[in-house]
Amino acid sequence: LEAKFDDSTIFKKIIDSFKDSVSQINFMCSESGIEAQAIDDSRVLLVSLSIPPSCFETYRCDRPTTVGVYLSSLSKLLKSASSSATLTLYVEDQPDELLLLFEESKASKSMEYKMKLVDITADMLEVDSDMKSDVSVEMSGVEFTKIVRDLTQLSDSFTVSVGKDGIVFSVDGETASGKVLLQPKEDLANPENNLSISMTKTIDLSFASKYLLDIIKASTLSNMISLKFSEETPALFEFKMEKGGGIGFYLAPKYDE
Amino acid sequence: AQNQPVISPFFKKK
Chain D
1 LEAKFDDSTI
11 FKKIIDSFKD
21 SVSQINFMCS
31 ESGIEAQAID
41 DSRVLLVSLS
51 IPPSCFETYR
61 CDRPTTVGVY
71 LSSLSKLLKS
81 ASSSATLTLY
91 VEDQPDELLL
101 LFEESKASKS
111 MEYKMKLVDI
121 TADMLEVDSD
131 MKSDVSVEMS
141 GVEFTKIVRD
151 LTQLSDSFTV
161 SVGKDGIVFS
171 VDGETASGKV
181 LLQPKEDLAN
191 PENNLSISMT
201 KTIDLSFASK
211 YLLDIIKAST
221 LSNMISLKFS
231 EETPALFEFK
241 MEKGGGIGFY
251 LAPKYDE
Chain F
258 AQNQPVISPF
268 FKKK
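Here the protein sequences come in this chain order: D and F. Going by my numbering, the first sequence opens with residue 1, and the numbers climb by one from there. Going by my numbering, the second sequence opens with residue 258, and the numbers climb by one from there.
As C-alpha cells, then:
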C-alpha cells in the first residue's frame, strides 16, 4: 500500500473521530480504498469507515492487505499532523509495520514514524449504508452536535422522535427535562443549514447519551450529518466526507424492560 | 428501566 494525503490533518481527523469509541481496528486496504469496521468495548456501537481513493492525492494498493492497529498509538503519531504537511502511508506486502511519512515541502522537513501492526481477530459484519429506513434526516452537523451536548447534560437517555411537525430531540432527567423541535428548512445561501426529512413512518427512539457524545466527535469530518431510523433496528449516524467516503456509527436504541 | 441491546445480533457476519 502507498497512499498519500495532500493534507495530513485529514487522516488525523478521521482517526480522532472514533479513537475514543474503539481501541483497535483492522484497516482493510484494497484497490477500492481503505475500509474499516470495529465495535466498541461494550459491544453497543459499531463504527464503519470508508476512505476511497478519491480522498488521496495518490493511492496504490497492489493486493488486499489487512492493517491492524491500536488507535491510541496511531493517534499519538498523528499529533505531528499539520495542514501544510502531506502524509503518505506505506505498508509492505508481508506487513508487520505501518510507515507514516510526513513531508512539509515549504519547510524542507520530513518526519518518519514506524508502527508495529497487531493481529486483531474480528468478524466483519454486513453493513449497508443504503439500508432501508423509516426516517432519513439530513441536517447541520454543528446543530446536531450542539443539541446533543446541551441535552445529554440532563439525562443519560436521549430521545429522537420524528413526525409531521418535524424532528424532536428530548431528554427527561431526574431534575430537569428539555426538548428541541426542528422543522425542515432550505437555506439557499447557506446549504449547510438545510434540514430535510423523508419519512414513511413516525419513529420514537431512545439512545444512551454516552454513545451520542462519542459519535459527535466525528462532526469535524463534515458539515452535515445524515440520520437513519427504523423501529427496533440500529440507527445510523453518518458523516460523509467532501471527497467521498465517511464514517457511520450504528447504535441500537434502548428499549423498555 | 431501559435495556441497552448489543449491536452484533443486528448484523450478519460477512
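The beta carbon of each residue, even a glycine, is placed where N, CA and C say it ideally should be.
With contacts defined as CB atoms closer than 8 Å, residue 89/D and residue 25/D fail to qualify as a contacting pair. Taking all protein chains in view, the Cβ of residue 253/D is crowded by 16 or more other Cβ atoms within 10 Å, so the residue is classified as buried. Where residue 117/D is concerned, there is no enclosing alpha helix (DSSP H), because DSSP gives it neither an H nor an E. Using a CB distance cut-off of 8 Å, residue 124/D counts as an interface residue toward chain F. Secondary structure note for residue 172/D: it is in no alpha helix (DSSP H), and the uninterrupted beta strand (DSSP E) holding it is 166 to 172. Of 194/D, 206/D, 10/D, 207/D, the smallest CA-CA separation from residue 224/D is found for 194/D. About 6 Å separates the CB atoms of residue 167/D and residue 197/D; that is less than 8 Å, so the two are in contact. Near chain F, meaning a CB-to-CB distance below 8 Å, the residues of the region 224 to 235 of chain D are 233, 234. Counting C-beta atoms within 10 angstroms of its own C-beta, residue 245/D has 16 or more neighbours from the protein chains shown and is therefore classed as buried. Residue 155/D is not a Cβ neighbour of residue 110/D, given a cutoff of 8 Å. Sequence-distant Cβ neighbours of residue 1/D in its own chain, meaning closer than 6 Å and more than five residues away, are 29, 61, 65, 91.
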